[in-house]
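According to the UniProt record's numbering, the stretch in the sequence shown is residues 1 to 290, in order.
Here is the structure we will look at, set down as structure tokens.
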Amino acid sequence: MIPERLQRFEANRRRLFGVAYRMLGEASEAEDVVQDAYLRWERHDTAVSPEAWLTKVVTNLCLDRLTSARVRRESYVGPWLPEPVIIDGDALDPIETVEQRESLSMGMLVLLERLTPPERAVFVLREAFGHSHREIAQILEDNEPHVRQLYRRAQRHVAAARTRFTAEPGQHRKLLERFLEATLSGDVPALEGMLAEDVVAWADGGGKATATRRPLAGRQEVLRHLLALTRYSPRIRMTPEVVNGEPAVVLYLDGLLSGVTVVEFEGDRIAAIRTIANPDKLAFLKKQKI
1 MIPERLQRFE ANRRRLFGVA YRMLGEASEA EDVVQDAYLR WERHDTAVSP EAWLTKVVTN
61 LCLDRLTSAR VRRESYVGPW LPEPVIIDGD ALDPIETVEQ RESLSMGMLV LLERLTPPER
121 AVFVLREAFG HSHREIAQIL EDNEPHVRQL YRRAQRHVAA ARTRFTAEPG QHRKLLERFL
181 EATLSGDVPA LEGMLAEDVV AWADGGGKAT ATRRPLAGRQ EVLRHLLALT RYSPRIRMTP
241 EVVNGEPAVV LYLDGLLSGV TVVEFEGDRI AAIRTIANPD KLAFLKKQKI
């Protein structure tokens, strides 16, 4: 029989991982944070509310890690992108609103990198988990007016990018399938018709996998990059998957997981392509696929 103390923690594990992942953008780090929180929970007074206490611990552990993470990311080789995770339905934590789903998207996690650690904490706790300003102030041991100020500031930082239209999941999947077919077959007219004129493509290889070390901007430059993939067509398998709450492509080269590509649409045009190829960042997703 599972001890009651462990049961109380396990009832919160999925939500705690959701908080940590949104805060850090790294699934492996989020797992470490949750485990650290459990070790502290084991030693703490059982009379406290596990949900409130553990949320506070996880949030503050993430704030500590974000400070050092920023230093590491400044010396990162090429563009830095979040670790992808397979999320379908409520596999990570409840996704009941547009805001909750959006807070897990690759595009939003990239945007959250622009925020200061306190702004990110307030934004995640408010938007994704519905905590009141008062509750967030208690979690951060701050005053409520300052928390409101941090939230407004965070909203301003992400507001411009949120104006882009995101296709409904069903439409998104159909557009993604068209993109897959056109890419593998090297269908130039189809790809040109799908790429927005100002499309941008990022690839995160982290110096450990072949990837462009600068963003590719504009239809023609991105098109040349996509067409170069056709020479690997016999060796490549691309499968649709729900990654970070949105349709994405999981890439296999010679049968081995080699990348994840998330495509962002504006209407029926591709506005952004983000590919994670760093093997370290694929480890968590690979574990999910087993």
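Ideal Cβ placement from N, Cα and C applies to all residues, glycine included.
Going by the beta-carbon positions, is the gap between residue i and residue j smaller than 8 Å?
i: A159; j: T275; result: no
i: I86; j: L285; result: yes
i: E246; j: V222; result: no
i: V200; j: P189; result: no
i: E192; j: R153; result: no
i: A209; j: A128; result: no
i: A272; j: V260; result: no
i: R224; j: E197; result: no
i: P84; j: V243; result: yes
i: E266; j: G107; result: no
Would you tell me roughly how many angstroms separate the C-alpha atoms of residue i and residue j, rounded to the nearest one?
i: F165; j: P240; result: With a pLDDT of only 47 at F165, under 50, the local geometry of the prediction cannot be trusted, and no value is derived from it.
i: R156; j: D254; result: 44 Å
i: S103; j: Y232; result: 34 Å
i: A37; j: E177; result: 41 Å
i: G78; j: H131; result: 36 Å
i: D280; j: A137; result: 35 Å
i: L63; j: T183; result: 40 Å
i: R13; j: L150; result: 27 Å
i: R65; j: V58; result: 11 Å
i: I270; j: F179; result: 9 Å
i: L6; j: L61; result: 20 Å
i: P117; j: D187; result: 44 Å
i: R126; j: L140; result: 13 Å
i: M238; j: R40; result: 42 Å
i: T212; j: W80; result: 12 Å
Going by C-alpha to C-alpha distance, which of the options sits closest to residue i?
i: H44; options: R8, M23 and V249; result: R8
i: K289; options: L256, I270 and Q35; result: L256
i: V147; options: R15, H133 and L39; result: H133
i: G18; options: T55, L39, S49 and R5; result: T55
i: R235; options: L251, V243 and N60; result: L251
i: P82; options: Q138, A27 and D187; result: A27
i: L112; options: L24, F265 and A209; result: L24
i: R72; options: M238, G206 and A217; result: G206
i: L195; options: H172, D268, T67 and S75; result: D268
i: E74; options: Q171, W53, R114 and Q35; result: R114
i: L16; options: E4, K174 and W53; result: W53
What's the call for residue i, buried or exposed, on a 16-neighbour Cβ count within 10 Å?
i: S258; result: buried
i: E10; result: exposed
i: Y21; result: buried
i: N143; result: exposed
i: V48; result: exposed
i: residue 306; result: Nothing in the structure corresponds to residue 306, since the chain is present only between 1 and 290.
i: P145; result: exposed
i: D90; result: In this prediction, D90 scores a pLDDT of 49, lower than 50, which makes its location untrustworthy; the coordinate-derived value is nonetheless stated afterwards. Per the 10 Å Cβ criterion, exposed.
i: E42; result: exposed
i: E51; result: exposed
i: L282; result: buried
i: S68; result: exposed
Could you tell me if the beta carbon of residue i falls within a distance shorter than 7 Å of some heavy atom in the ligand FMN?
i: R126; result: No copy of the ligand FMN occurs in the structure displayed, which carries no ligand at all.
| alpha helix (DSSP H) segments (min. 4 residues) lying fully within the region 11-82 | 27-43 and 50-74
| Complete runs of the beta strand (DSSP E) confined to the region 245-284 [at least 3 residues] | 246-253, 256-266 and 269-276
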